[in-house]
Amino acid sequence: MRLRGRAERLDAALHTVRSFEKLTVGGMNLLDADLIWILDEMLPARFGGGPTHYQLIEEQGPGGQPRLRLLVDPVVGPVDHDALAEAFFAAVSRGSGIDRITALTWQTGGILTVERRAPESTRGDKILHLVSRSPGRDG
């Protein structure tokens, strides 16, 4: 497809377009910079560990409902799951009014669960902040 001075026929179809600048779950958004701050700085400062000890997994439940799993590496030591979830939601809601609505929507929707296991790594041994799974895929 080439444009010459004026628009010619554009018939390209796009599909499976994803944004890696924000997390969108349940119709609500969280900017990647905010997610990185939560996982790399806020949670380690409050609960221990470091930036590679926390990871968010985005997926769909069996009925298609959105789910977020917050993985916490066991090397962090004992952590109160409820306190960790509350801290996560408080951090999400720290910005604008829409951020507070996002946190409230996710919290009341039961979207977040906390799991004690090592974050998943890529084939290149990188630990991503967010792992997104499409239905029918396992990573």
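Letter by letter, the sequence shown follows residues 137 to 275 in my numbering.
Even for Gly, the Cβ is constructed at its ideal location relative to N, Cα and C.
If you're wondering where the values come from, they're calculated on a predicted model, not measured in any experiment.
What residue range does the beta strand (DSSP E) around residue i cover?
i, result
"Val212", "From DSSP, Val212 is part of no beta strand (DSSP E); its letter is neither H nor E."
"Glu251", "248–252"
"Leu264", "Neither: Leu264 is in no beta strand (DSSP E) and is coded neither H nor E."
Suppose you measure from the CA of residue i to the CA of residue j; what does that come to, to the nearest Å?
i, j, result
"Lys262", "Asp176", "14 Å"
"Glu194", "Ala223", "18 Å"
"Gly233", "Gln196", "26 Å"
"His265", "Tyr190", "7 Å"
"Leu248", "Thr188", "19 Å"
"Ile237", "Ser229", "7 Å"
"His217", "Gly200", "25 Å"
"Thr258", "Gly231", "31 Å"
"Val267", "Leu192", "6 Å"
"Phe225", "Gly246", "12 Å"
"Asp235", "Leu171", "12 Å"
"Leu159", "Gly260", "23 Å"
Starting from residue i and walking both ways along the alpha helix (DSSP H), at which residues does that stretch end?
i, result
"Arg236", "233–244"
Using alpha carbons as the reference points, say which of the options lies closest to residue i.
i, options, result
"Trp242", "Ala227, Arg182, Met178", "Ala227"
"Arg253", "Glu195, Leu204, Pro210, Arg203", "Pro210"
"Phe183", "Leu207, Ala169, Gly213", "Gly213"
"Leu206", "Leu159, Glu251, Gly186", "Glu251"
"Pro180", "Leu166, Pro198, Asp235, Leu220", "Leu220"
If we require 4 or more residues per run, which alpha helix (DSSP H) segments fall completely within the stretch 170–228? 179–183, 217–228
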